[in-house]
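Residues 744 to 1321 (the working numbering) are what the sequence shown spells out, left to right.
For glycine and all other residues, C-beta sits at the position ideal for the given N, C-alpha and C.
All values derive from a computational prediction rather than experimental measurement.
Presented below is the structure to which this report refers.
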Amino acid sequence: MTEFVKATYHRDHKVAEFVTKEGRRLLREGGSLCWRLNNCGNMSSPVVNGLPAPKKTQAYIGFAEVSNPEPHFFFIFPDYETGKAELKKSLKRKYGKKTIAETLPKYAPQGDGNDPQHYLDMVTHSTGFSSDASIGEFSDADLNKLVNAIQTMEGYDKDIRTRKETWIEATSLIVTNGSQPIPHAELHVEHKGKSTIIKADKFGQFPTIPHPQGDDYTVIRQQLSNGTSEILKVLTRTTPSGFFLLVSEMIYAKASTMSHAAPADAESIKPPHEYRVKPSDTLAKIAAQFKTTEDELKKINQLNGNGVFPEQLLWIDGKGISRGHTVPIVQISHLMSEHKKAKDLSAIPNNVPVVRSKGGKGAPLALVPVSREIAPWMIIAAYEAALWQGKKEDVITKTQNFHRLVTDNDRAGGVESKAGGVKYDGNPTLAGDANAWCASFVNYCLQEAGYSPAPTGFMSSHFCHNNPDKFVKISKPVYGAIRYCRRDGGGHVCFVYGTWKGKMLVLGGNQHDTILIEYPDPTSKGVEYFVPIAYQKFAEKEQEKGLQEVDINAARLNFGGAIDIRENPGAGQTDPMA
């Protein structure tokens, strides 16, 4: 059976577009709206500030904005069975304590163009139910009768002869420098003698390119820095759909080795600068890299020992190196009231120079591009862990509701409610078993580091499986990889952090109701590892190195209560939303 992972609705043309994991498109037109959307009950989302903000409904893969007569956002489901199941759950959940007579005027209100009394009469006539029958007392067979009657009233089978489904092959492209997306890059698409420039979004994702029909062909070109162009792909009618990763050197670092006289006070004006520890680092290695000593680093950073840990931020005294740009992100051991975001870091261009002098005379060896290649999203994850120090979700949610912080253009989040003052999202809180937030935490960290989060279903632990154009499965864990697993009652996602005493460590949200570094649950099954597709090439290189041992004792000094290492690990809580 074909599996659809997302969908959109083209209102002007009355066409629903469904996308498979492989990138194929199914266009549905004609028939009724609820048929086109696989939404047999015409269920729509609550709306906040003009955007959909679903509360309980799940399994949708998109929204269709339609005026009825006011703007409504109808759910798009991947198939008929899923839409019907969600309708049954909604009826039980919202109207379980009401009679049919109380339910239908609310379900099909007059303001939406319905005749509530006619609706009630037709439903009770076709089902044989009394109008005072309680929905909460219905058997599954009774509920199916009610759903079928609603489906008929909503016109699911209207204009059945005009139904049309068309499959279209299409190509999706994302551009990366090997580890990070390249935002706003440009490509040239040539078709029938006409060349069109397409631009990537802030996550390096280009608009989908439909394949030509008949004997036509489409050429995708990249302009190179030397003024020439390179053909990246030729699309024909028979080209299979797919998601393609374009590894490009669209950002170049220009080097200059011209000698310059060093200012007389050059040594004295070199400021301290920041260095963020990588998984493979040791204090000795860092000291050698920056031509200083371990004792000097320990003195400047007030370290009690030689241990360092990933994402620790060290100050370097500047004798060996100076930066042309200071990364605006705070030492993670310092708890700040204002959250510094990784997008500040990712906004630094890759050609920001690191200047090393020739023999200390102030003449540069070369300008070398500075970039954070290894899992930039782990800066955010580590920051959050150190910030909250093991505080529980009912405290975190007051200022950092990760459900609300992960949003896109077609979903409400982080907006004021009409009631005034309260931030609103489909899940207005992290607290409680019904509001599992491990996936939202992972997507938040990715988003803040400049990687595309899951556009829909970001609160589900299956978001990597459901968005193959944004995430790719890898065979071995690497630092920062997204670890997925199944457990009794649901699934869980978190980040790989390293090892301690030979056992894997993970860093994630919704682990014992907080953000923790700990061992993963040994009872978990179906473990898989994913990375953002823009990071794929770099991850493949990192797999050869394996995971690095973390000095957990050094890390405790910074993370405090956010580290929970147990001899019999039972990481996290089951995520019922998965």
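Ranked by Cα distance from VAL1293, the options GLU1287, LYS1134, ILE1306 are led by ILE1306.
DSSP places ASN1296 in the uninterrupted alpha helix (DSSP H) bounded by 1295-1302.
Here THR909 is exposed. Its C-beta has fewer than 16 other C-beta atoms within 10 Å. The three-state secondary structure of LYS1021, taken from DSSP, is coil.
Annotated as proximal: LYS976 and ILE963, with beta-carbon spacing under 7 Å. The C-beta distance from ILE1225 to VAL1274 rounds to 7 Å, short enough to meet the 8 Å contact threshold. By alpha-carbon distance to ASN811, the top candidate from TYR1126, LYS798, GLY856, SER968 is GLY856. Less than 7 Å separates the beta-carbon of ILE843 from that of SER874. Ranking GLU845, GLY1050, SER1204 by CA distance to the CA of ASP864 puts GLU845 first. Sequence-distant partners of ILE940 (beyond 5 residues in either direction) whose C-beta falls short of 7 Å from its own C-beta, in its chain, are GLU929, HIS931. Its chain contains CYS1207, GLU1271, TYR1272, PHE1273 as the residues whose beta carbon lies nearer than 8 Å to that of LYS1216, once the 5 sequence neighbours on both sides are disregarded; these appear in chain order. Taking C-beta atoms as the reference points, PHE1238 and PHE1184 fail to come closer than 7 Å. Between the segment 917-926 and the segment 773-791 there are fewer than three C-beta pairs closer than 8 Å, too few to call the two in contact. Between MET786 and PHE816, the CB-CB gap reaches or exceeds 7 Å. When DSSP states are grouped into helix, strand and coil, GLY879 belongs to the helix group. Per the DSSP secondary-structure output, PRO795 pairs in a beta bridge with VAL790.
The beta carbon of LYS1219 sits closer than 6 Å to the beta carbons of GLN1286 from its chain, once the five residues preceding and following it are set aside; these are given in chain order. For THR979, the enclosing beta strand (DSSP E) begins and ends at 972-979. Of the residues assessed, SER968 falls on the exposed side of the cut-off, its CB having fewer than 16 other CB atoms within 10 angstroms.
Straight-line measurement puts the Cα of GLU1261 at about 10 Å from the Cα of ILE1295.
Measuring C-alpha to C-alpha distances from THR919 to each of PHE1302, ALA1297, ALA1277 identifies ALA1277 as the nearest. Looking at the DSSP output, SER938 sits in a beta bridge with GLU933. Across the structure, LYS935 and LEU830 are spaced so that their CA atoms are roughly 46 Å apart. No Cβ-Cβ contact shorter than 7 Å links LYS764 with GLY805. Taken in chain order, the unbroken stretches of beta strand (DSSP E) that lie wholly in the segment 754-779 and span 3 residues or more are 758-763, 768-772. Burial is judged here by how many other beta carbons sit within 10 angstroms of a residue's own beta carbon; LYS1021 has at least 16 and is buried. Note on the segment 821-848: whole alpha helix (DSSP H) runs with a minimum of 4 residues are 823-838, in chain order. Taking a contact as a CB-CB distance under 8 Å, the pair GLY1050 and ALA1297 counts as one, their CB atoms being some 3 Å apart. The Cβ-Cβ distance between THR1172 and THR1140 falls below 7 Å. The secondary-structure analysis by DSSP pairs GLU808 across a beta bridge with PHE816. For THR1025 and ASP822, the gap between their C-alpha atoms comes out near 53 Å. Taking a contact as a CB-CB distance under 8 Å, the pair TRP1131 and ILE1258 counts as one, their CB atoms being some 5 Å apart. In the three-state DSSP reduction, ILE1117 falls in the coil class, being neither helix nor strand. At a Cβ-Cβ threshold of 7 Å, ALA1027 and GLU1039 do not count as neighbours.
When only Cα atoms are considered, THR905 and TYR899 end up about 13 Å apart.
At least 7 Å separates the beta-carbon of GLU1017 from that of MET1121.
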